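S.K.: First to last, the protein sequences are chains C and D.
Per the numbering used here, the very first residue in the first sequence carries number 1; after that it's consecutive.
Per the numbering used here, the very first residue in the second sequence carries number 1; after that it's consecutive.
Using N, Cα and C, we set each Cβ at its ideal position, and we do this for glycine too.
Since this is a predicted model, take the numbers as computed values, not measurements.
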Amino acid sequence: NAGVTQTPKFQVLKTGQSMTLQCAQDMNHNSMYWYRQDPGMGLRLIYYSASEGTTDKGEVPNGYNVSRLNKREFSLRLESAAPSQTSVYFCASTRDLTGELFFGEGSRLTVL
Amino acid sequence: RKEVEQDPGPFNVPEGATVAFNCTYSNSASQSFFWYRQDCRKEPKLLMSVYSSGNEDGRFTAQLNRASQYISLLIRDSKLSDSATYLCVVNDNRGYQKVTFGTGTKLQVIP
């Protein structure tokens, strides 16, 4: 039962470096999401993909780009990392837009 | 004012105690309500949905008060394994871009 798989689980970057967080789900879900979680802020939506071939901005999209590669995979790219992007990133998926969110285990990113 | 507000706690309770959490929301158009559980350094997982008539799942009871715009979670006979952070989640059903998470209430059950 893999569910939602994220890689890498931990990453340390220097300011200005780029990286891609990978996410894959094996539940045949249509919708996928990227959230970030910061202390005292709750989970905030970065980008989402309601279905294969579509992506939309969430609450905090600045500094990020996404790709919905196929129905299974949804990646998040930081083109030029900044210390403000230090956070825990969660990928999630749902069968439809109102169903239960299934989360990956999280990716802990530190930008120095 | 935050869209979804929760008391951050921590709530420290002895095993066997009953504990209740409240969550208030500001958007009167909100349609769906949930409680998620998040263990330390883990991902959130759905605990239960909250229905208008209230609902119960074993030791857990969720209530919704639309007039006062709050939801509650009651845990009876607390177990050590209930120690976690409980996230209140509100959705106005216009898509998941409109889901709002509370910052969570931390529960520590003490032996």
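Could you tell me the alpha carbon to alpha carbon distance between Gln-22 (chain C) and Tyr-48 (chain C), rounded to whole angstroms?
M.R.: If you number the first sequence from 1, residue 22 (chain C) lands on position 22. If you number the first sequence from 1, residue 48 (chain C) lands on position 48. Answer to the nearest angstrom: the Cα atoms are 14 Å apart.
S.K.: Look up Pro-83 (chain C) in the DSSP assignment and say whether it is helix, strand or coil.
M.R.: Taking the first sequence and counting its residues from 1, one reaches residue 83 (chain C) at position 83. It is helical.
S.K.: Measure the alpha-carbon distance for Leu-74 (chain D) versus Glu-79 (chain C) and round it to whole angstroms.
M.R.: Counted from its first residue, the second sequence places residue 74 (chain D) at position 74. Counted from its first residue, the first sequence places residue 79 (chain C) at position 79. Cα to Cα, Leu-74 (chain D) sits roughly 44 Å from Glu-79 (chain C).
S.K.: Identify the contact partners of Phe-101 (chain D) in chain C, using a Cβ-Cβ distance below 7 Å as the criterion.
M.R.: The residue you call residue 101 (chain D) lines up with position 101 of the second sequence. Ordered by position in chain C, the residues that pass the 7 Å Cβ test against Phe-101 (chain D) are Gly-42 and Leu-43.
S.K.: Should Phe-60 (chain D) be flagged as near chain C, meaning a C-beta pair shorter than 9 Å?
M.R.: Counting from 1 along the second sequence, the entry for residue 60 (chain D) is found at position 60. Taking Cβ atoms only, chain C never reaches closer than 9 Å to Phe-60 (chain D), which makes this a no.
S.K.: Which same chain residues, not among the five before or five after Ala-84 (chain D), have their C-beta less than 7 Å away from its C-beta?
M.R.: Working through the second sequence from its first residue, we reach residue 84 (chain D) at position 84. Within the same chain, Ala-84 (chain D) has close Cβ partners Arg-37, Gln-38, Asp-39 and Leu-107.
S.K.: Any contact between the segment 30-42 of chain C and the segment 15-23 of chain D? By contact I mean 3 or more CB pairs, one from each, below 8 Å.
M.R.: Flag = no, the segment 30-42 of chain C and the segment 15-23 of chain D do not touch.
S.K.: I'd like the ranges of any beta strand (DSSP E) spanning at least 3 consecutive residues and lying wholly in the segment 44-106 of chain D.
M.R.: Runs of the beta strand (DSSP E) inside the segment 44-106 of chain D: 44-50, 55-57, 60-65, 70-75, 84-91 and 99-101.
S.K.: Given a cut-off of 9 Å, decide if Val-13 (chain D) and Gly-102 (chain D) are closer than it, judged by their beta-carbon atoms.
M.R.: Reading the second sequence from its first residue, position 102 is the one you call residue 102 (chain D). Reading the second sequence from its first residue, position 13 is the one you call residue 13 (chain D). Contact: no.
S.K.: Under 9 Å, Cβ to Cβ, is there at least one residue of chain C near Leu-64 (chain D)?
M.R.: Position 64 of the second sequence holds residue 64 (chain D). By this cut-off, Leu-64 (chain D) is not an interface position.
S.K.: Out of D:Ser-78, D:Val-109, D:Tyr-86 and D:Ile-110, state which residue places its alpha-carbon closest to the alpha-carbon of Leu-43 (chain C).
M.R.: Counting from one through the first sequence, the residue named residue 43 (chain C) turns up at place 43. Ranking D:Ser-78, D:Val-109, D:Tyr-86 and D:Ile-110 by Cα distance to Leu-43 (chain C) puts D:Tyr-86 first.
S.K.: Identify every residue that forms a DSSP beta bridge with Glu-73 (chain C).
M.R.: Residue 73 (chain C) sits at position 73 when you count from the first residue of the first sequence. Partner(s): C:Ala-24.
S.K.: What in chain C is Cβ-close to Pro-44 (chain D), meaning under 8 Å?
M.R.: Locating residue 44 (chain D) in the second sequence gives position 44, counting from the first residue. Near Pro-44 (chain D) (Cβ distances below 8 Å), the residues of chain C are Leu-43, Phe-90, Leu-101 and Phe-103.
S.K.: Return no unless some Cβ of chain D is closer than 9 Å to the Cβ of Gly-106 (chain C).
M.R.: Stepping through the first sequence from its first residue, residue 106 (chain C) is reached at position 106. Yes - at least one Cβ of chain D is within 9 Å of the one on Gly-106 (chain C).
S.K.: What separation, rounded to the nearest whole angstrom, lies between the Cα atoms of Asp-38 (chain C) and Gly-16 (chain D)?
M.R.: In the first sequence, the residue the question calls residue 38 (chain C) occupies position 38. In the second sequence, the residue the question calls residue 16 (chain D) occupies position 16. C-alpha separation (whole angstroms): 32 Å.
S.K.: Is it buried or exposed, Thr-94 (chain C), if we count other Cβ atoms within 10 angstroms and call 16 or more buried?
M.R.: Residue numbering aside, residue 94 (chain C) sits at position 94 when the first sequence is read from its first letter. It counts as buried.
S.K.: Going by C-alpha to C-alpha distance, which of D:Lys-2, D:Gly-9, D:Phe-34 and D:Ser-30 sits closest to Ser-72 (chain D)?
M.R.: For the purposes of this step, residue 72 (chain D) is taken as residue 72 along the second sequence, with counting starting at 1. Measuring from the Cα of Ser-72 (chain D), the nearest candidate turns out to be D:Phe-34.
S.K.: Tell me which residues share the same chain as Lys-9 (chain C) and place their Cβ nearer than 8 Å to its Cβ, disregarding the 5 neighbours each side in the sequence.
M.R.: Within the first sequence, the letter at position 9 stands for residue 9 (chain C). For Lys-9 (chain C), where only same-chain residues beyond five positions count, the Cβ hits under 8 Å are Glu-105, Gly-106, Ser-107 and Arg-108.
S.K.: So Phe-90 (chain C) and Gly-3 (chain C) are in contact, right, with Cβ under 8 Å, and what is the actual spacing, rounded?
M.R.: Counting from one through the first sequence, the residue named residue 90 (chain C) turns up at place 90. Counting from one through the first sequence, the residue named residue 3 (chain C) turns up at place 3. In fact, because the Cβ distance is near 12 Å, the residues do not count as touching under 8 Å.
S.K.: Give me the Cβ distance between Gly-53 (chain C) and Arg-68 (chain C), rounded to the nearest whole Å; I'm assuming they're in contact under 8 Å.
M.R.: In the first sequence, counting from the first residue as 1, residue 53 (chain C) sits at position 53. In the first sequence, counting from the first residue as 1, residue 68 (chain C) sits at position 68. Between Arg-68 (chain C) and Gly-53 (chain C) the Cβ distance is about 7 Å, and since that is below 8 Å, they are a contact.
S.K.: Can you confirm whether Val-109 (chain D), when its beta carbon is compared against all beta carbons of chain C, has any partner nearer than 9 Å?
M.R.: Position 109 of the second sequence, counting from 1, holds the residue named residue 109 (chain D). It does not; no Cβ of chain C falls within 9 Å.
S.K.: Which residue's Cα is closest to the Cα of Ser-81 (chain D): D:Thr-100, D:Arg-59, D:Tyr-25 and D:Gln-63?
M.R.: Your numbering for residue 81 (chain D) matches position 81 in the second sequence. For Ser-81 (chain D), the nearest C-alpha among the options comes from D:Arg-59.
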